[in-house]
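Residue numbers (our numbering): 37 to 198. Glycine included, each C-beta is placed from N, C-alpha and C at the ideal position. Values in this document were obtained by computation on a predicted structure and should not be read as measured data. Scroll down for the structure; my scribbles are underneath it.
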Ligand SMILES: [Zn+2]
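The following block contains the structure:
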């Protein structure tokens with residue numbers, strides 16, 4: 037009998053799975069891996085909470101997780117989706133936020149902060165200026181909005197807060 041891979045191993049394997057839409061982010065950076073469990077029959081159970089419901093990326097992510105596990109010799113597994121509590125951009129790790137900014141995408145403002153201000157304060161990922169304006173509600177994907185910095189004049193994508 038093959039020994040079950042430790043949860044830590046599974047975690048590092050899952051950290052290799054990239055978000056299909058923003059390839060600089062792993063699904064771990066996005067915070068969508070809720071937990072790793074051992075099923076009754078000894079199989080690995082990966083519990084994920086999909087990002088934006090209805091986001092077409094979800095199916096791709098599940099398939100990518102399956103491929104990555106198989107690639108590492110783990111064949112007895114199950115991927116379960118848990119939709120409650122719903123994923124929120126607050127679950128994106130600080131590492132994930134840093135990567136987004138480096139990539140030129142403004143990371144989502146915290147929900148609490150946005151509620152306090154009554155709007156989302158979006159800082160320019162290039163020059164950090166808060167003097168920005170929304171150009172379009174939709175950016176390169178439905179999850180993003182298009183913004184422009186009024187100081188350095190650079191257009192950029194903003195990862196919408198949910
Ligand atoms: Zn700027």
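*Just reading off the beta strand (DSSP E) that residue 77 is part of, what are its end residues?*
It is not in any beta strand (DSSP E) - residue 77 carries neither H nor E in the DSSP assignment.
*DSSP three-state call for residue 114: helix, strand or coil?*
Note: residue 114 maps to strand in three-state DSSP.
*Rounded C-beta distance between residue 115 and residue 102? I'm assuming under 8 Å.*
With a Cβ gap of about 7 Å, residue 115 and residue 102 count as contacting.
*Determine the burial state of residue 82: buried for a count of at least 16 other Cβ atoms within 10 Å of its Cβ, exposed for fewer.*
Classification of residue 82: buried, given that the 10 Å Cβ count is 16 or more.
_Relative to the C-alpha of residue 183, which candidate in 127, 160, 66 has its C-alpha closest?_
Of the candidates 127, 160, 66, the one whose C-alpha sits nearest the C-alpha of residue 183 is 160.
*Going by DSSP, what residues sit across from residue 170 in a beta bridge?*
DSSP lists 183 as the bridge partner or partners of residue 170.
*Rounded to a whole number of angstroms, what is the C-alpha to C-alpha distance between residue 126 and residue 77?*
Residue 126 and residue 77 have their C-alpha atoms spaced approximately 34 Å apart.
_As a quick check of your reading: which residues have a C-beta less than 6 Å from at least one non-hydrogen atom of ligand 1, in chain order?_
Neighbourhood of ligand 1, defined by CB distance below 6 Å to any of its heavy atoms: 160, 162, 163, 165, 185, 187, 188, 190, in chain order.
_By alpha-carbon positions, which one of 163, 45, 87 ends up nearest to residue 68?_
Here the closest residue by C-alpha is 87.
*Would you report the Cα separation of residue 178 and residue 56, rounded to the nearest angstrom?*
C-alpha separation (whole angstroms): 13 Å.
*Would you mind giving the Cβ-Cβ distance between residue 141 and residue 195, rounded to the nearest angstrom? I have them listed as a contact below 8 Å.*
The Cβ separation is near 6 Å, so the contact holds.
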